[in-house]
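Undergrad: First, the structure itself, so that you have it in front of you.
In this note's numbering, the protein residues as written are 4 to 652.
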């Protein structure tokens, strides 16, 4: 049986869409891009209306409605269905013990899917918002927002129609009384001026955000560098093994939960990709990583924070009984709405009134719901207003919220129980973070201060070229507001092994010096390392060691630490090793010598660390594509720029 009122509702939505300008329709397409991308692209306004009112799209969109909008939608749907059921009653309920087909036929009968237009005044009356005041204003504003989102449509006579599936989505949720404004998280009233909880914070949220952003930038840099050197192998069942997470956490200098978070963010930001090889699936950086290295620090973090706001997972949260892993496609569609709700609730907390984050692992407070108010309960209550279906209506609400807030603090979005300026910028628009991030992270430094104690200090974040130069010839010693490298015999030999000569290394370091000169001790170290480097040569003929210094050859044969190599002299200047070239090189260097690898032609072989890259992922959707689609749906000529960018997709 066809639901004629539902068809008329789609007609009303189609007419409402047709009255919009291309820019207004493009805003709608952009706002609902994620659920609409899971369906074929609409070819007309009618198809767009059907896509907006499909069950799958509605199931996603209602999660992102605040309390007034979902209350107005639920009240309208309930009144509409009650009137439709009264005007056209459906078949009688199946008898007890009826088969499955009969039950489903009744469930999907006309009476359950029928809709009737509803007067707005009837909706306001059902919500107790008939008189002028905050409640009436909030209800009217919410109704207009539903019109803008395509979740409701006005008819020609001024009534309201809503999707037929809305009652099925919202009937099981107890939304409580209508609240015009969001509850504000209350400070802890039990604290007194003499307790540490009531003392004002010693640092501002801006300072905390700056420190967190600097740490985040350095940690992600080290994590991606570790993946570029040694890709991570995934398990056959999916996700990284625990030992791989431990290895990457050690290389990045982060905890394992934060490492899982950063791995998922870099995957979502297309900085790493999963590639299939004969040995299995591995995770390694993409070509976009090289472009990412050349950006300013703020521009590096922008894609990661935007990816966090829309991630379908809480990477640091592992439900009881599951093994923590990373790089697994998330299925938690409530996570983005939960993040928005928590950030929106914290946005109203003034500095000094916020409560500390709950410790992890999280345990539910022992008080029942009817017990005394606590800052944590007040925060969840306020967050529930912003996204009613994504906070307390979900299982493990407190545990998931606690992990989400700790992730936000790690990313520099939350500090002292309130939002930082960066958090407010992300809440307003995740795509416009360049300016606040530029204020947090100063530009990269391209010069270092070389000191007589064989250290190089960069008072800030080094540029990629400077970082690569210092990392090739020195060992990173400390990190923080300033980064320190130390030059040693071993580190300089590493640079010589990678293809540098003493002169080119001296020239590169001099150009990188803030004073234009190098300290005398560093110059002596470079000379001494270059003088001893290559005095012996390791051949690849499985394998030989040769040196013009006969005394050195005799010394190697008698060295007790090299007995495992099984060295034998076949000439006054040639030794034969029983180990392959790589193992022989490692053993000689561990014993304090400085050998060089030689090719079959007699030239020195340059040793470089491998730099693995994955194939770049498919390009993301062009930002001008929604406007071009809006022109086509409205039957208007496409603007030249929109047409060009649409052709580039």
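Backbone N, C-alpha and C fix where the C-beta goes; we use that ideal spot for every residue, glycine too.
Which value, in whole angstroms, describes the spacing of the CA atoms of residue 394 and residue 188?
TA: Each residue's alpha carbon lies about 15 Å from the other.
Undergrad: For the region 397-407 against the region 342-362, are there 3 or more C-beta pairs whose distance is under 8 Å?
TA: Yes: the two stretches touch, three or more of their Cβ pairs being nearer than 8 Å.
Undergrad: Cβ of residue 590 less than 8 Å from any chain E Cβ?
TA: The question asks about chain E, but that chain is absent: this structure has only one protein chain.
Undergrad: Looking only at its chain, what residues have a beta carbon closer than 7 Å to the beta carbon of residue 636, apart from the 5 residues adjacent to it on each side?
TA: These residues qualify, in order along the chain: 28, 45, 47, 48 and 51.
Undergrad: Using a threshold of 8 Å, state whether the C-beta atoms of residue 508 and residue 529 are closer than that.
TA: Yes, Cβ-Cβ distance for residue 508 and residue 529 is below 8 Å.
Undergrad: Look at residue 83 and residue 33 and say whether their C-beta atoms are less than 8 Å apart.
TA: Not in contact: residue 83 and residue 33 (Cβ atoms no closer than 8 Å).
Undergrad: Using the three-state DSSP reduction, which class does residue 17 fall into: helix, strand or coil?
TA: Reduced to three states, the DSSP call for residue 17 is helix.
Undergrad: In this structure, does DSSP put residue 547 in helix, strand or coil?
TA: Strand.
Undergrad: Provide the residue(s) that pair with residue 323 in DSSP beta bridges, ordered along the chain.
TA: Paired residues: none, contrary to the question.
Undergrad: Select from 515, 493, 239 and 505 the residue whose C-alpha is nearest the C-alpha of residue 468.
TA: Closest by alpha carbon: 515.
Undergrad: Alpha carbon to alpha carbon, how far is residue 149 from residue 364?
TA: Approximately 39 Å, taken between the alpha carbons.
Undergrad: Between which two residues does the beta strand (DSSP E) carrying residue 480 extend?
TA: 478-481 is the span of the beta strand (DSSP E), which, as asked, contains residue 480.
Undergrad: Does the region 300-317 touch the region 235-252, meaning 3 or more C-beta pairs lie closer than 8 Å?
TA: As far as the Cβ criterion goes, the region 235-252 does not touch the region 300-317, which means the pair count is below three.
Undergrad: So what's residue 73 in DSSP terms, helix, strand or just coil?
TA: Reduced to three states, the DSSP call for residue 73 is helix.
Undergrad: With 16 as the cutoff for other CB atoms within 10 Å, does residue 416 come out buried or exposed?
TA: With 16 or more other Cβ atoms within 10 Å, it is buried.
Undergrad: Determine the contact status of residue 254 and residue 227, defining contact as a CB-CB distance below 8 Å.
TA: Their beta carbons are not under 8 Å apart, which means residue 254 does not touch residue 227 by this criterion.
Undergrad: Look up residue 212 in the DSSP assignment and say whether it is helix, strand or coil.
TA: Three-state DSSP puts residue 212 in a helix.
Undergrad: Report, in whole angstroms, the separation of the C-beta atoms of residue 267 and residue 314, which I expect to be a contact under 8 Å.
TA: About 6 Å separates the two Cβ atoms, so the contact holds.
Undergrad: Please give the ranges of any beta strand (DSSP E) in the region 417-465, keeping only runs that are unbroken, at least 3 residues long and fully inside the region.
TA: DSSP runs (the beta strand (DSSP E)) wholly in the region 417-465: 458-461.
Undergrad: By the 10 Å Cβ neighbour count, where 16 or more other Cβ atoms means buried, how is residue 389 classified, buried or exposed?
TA: It counts as buried.
Undergrad: Nearest by alpha-carbon distance to residue 401: which of 317, 572 and 480 is it?
TA: Cα-wise, what sits closest to residue 401 is 317.
Undergrad: Are the region 584-591 and the region 556-568 touching by the rule of at least three beta carbon pairs closer than 8 Å?
TA: In short, these stretches touch, since the Cβ pair count reaches three.
Undergrad: Measuring only the C-alpha atoms, how far is residue 426 from residue 151?
TA: Distance between the alpha carbons of residue 426 and residue 151 is about 26 Å.
Undergrad: So, with DSSP's three-state summary, where would you put residue 339?
TA: Helix.
Undergrad: Where do the ends of the alpha helix (DSSP H) carrying residue 407 lie?
TA: 400-413 is the extent of the alpha helix (DSSP H) around residue 407.
Undergrad: Whole beta strand (DSSP E) runs in the region 558-592 with 3 or more residues, listed along the chain?
TA: If we require 3 residues or more, the beta strand (DSSP E) runs fully inside the region 558-592 come out as 571-574 and 577-579.
Undergrad: Can you tell me whether residue 289 is helix, strand or coil according to DSSP?
TA: Here residue 289 sits in strand by DSSP.
Undergrad: Quick check on this structure: which residue in 286, 526 and 631 has the alpha carbon closest to the alpha carbon of residue 232?
TA: It is 286.
Undergrad: For residue 433 and residue 312, which I take to be in contact (beta-carbon distance under 8 Å), what is that distance rounded to the nearest angstrom?
TA: Yes, residue 433 and residue 312 are in contact; Cβ-Cβ is about 4 Å, under 8 Å.
Undergrad: Please list the segments of the beta strand (DSSP E) lying wholly inside the region 463-530, counting only runs of 3 or more residues, in order along the chain.
TA: Runs found: 478-481 and 486-489.
Undergrad: How about residue 70 and residue 182: do their beta carbons lie closer than 8 Å?
TA: Closer than 8 Å, so yes.
Undergrad: Just how far apart, CA to CA, sit residue 294 and residue 229?
TA: So the alpha carbons of these two residues sit roughly 17 Å apart.
Undergrad: Name the DSSP beta bridge partners of residue 237, please?
TA: According to DSSP, residue 237 bridges with 243.
Undergrad: On the DSSP bridge list, what partners appear for residue 280?
TA: For residue 280, which the question treats as bridged, DSSP gives the partners 283.
Undergrad: What's the gap between the Cα of residue 450 and the Cα of residue 489?
TA: When rounded, the distance between both Cα atoms is 15 Å.
Undergrad: DSSP state of residue 163, grouped into three classes?
TA: Residue state, collapsed to three classes: strand.
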